[in-house]
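Here the UniProt record's numbering is used: position 53 in the sequence shown is 53, and no number is missing along the way.
Virtual Cβ for every residue (Gly too), placed ideally from N, Cα, C.
What follows is a set of notes on a single structure, which appears directly below.
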Amino acid sequence: MAASRALSVLYPRAVSRLPLAASTRSNSNRASVSHLHRQHYGRLYPVLLVGIDGSTTRLRYQEPKRILMLPLDSTTLPEAERRARLRRHFPSKPKPKTEETFEGIDLETYKKFWKK
């Protein structure tokens, strides 16, 4: 009997709070049930896709870029071309430059330019 009284007290409160009448959202996600019905970027940009063999295809991409290049698999290249590509990507260290000395310069020829 005490349990029925407790249930009767709780019942009107549960009915008054329906989940459908909670709150309204006035934004782009208002009608989303399973997922957002909007793309991450609302616009797609025309892009030129360059394949490994050099073929080109025009497609629409979500970021504004002019050219997209597919990566090249270096294991399929001949050894000489693979080394040449690695040399271009990782150039050798620059050689130290030798400083010029004043030993070979005759200072008397430039004496007229000095201020007294």
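Asked                                                                                              : Found
Beta carbon of residue 50 nearer than 8 angstroms to that of residue 70                            : yes
Nearest-angstrom Cβ-Cβ length linking residue 82 and residue 92, presumed shorter than 8 angstroms : That belief does not hold up - the Cβ atoms of residue 82 and residue 92 are roughly 17 angstroms apart, past 8 angstroms.
Range covered by the alpha helix (DSSP H) that runs through residue 88                             : 79-89
Bounding residues of the beta strand (DSSP E) (the contiguous stretch that carries residue 48)     : 45-50
Where residue 56 falls: helix, strand or coil (DSSP)                                               : strand
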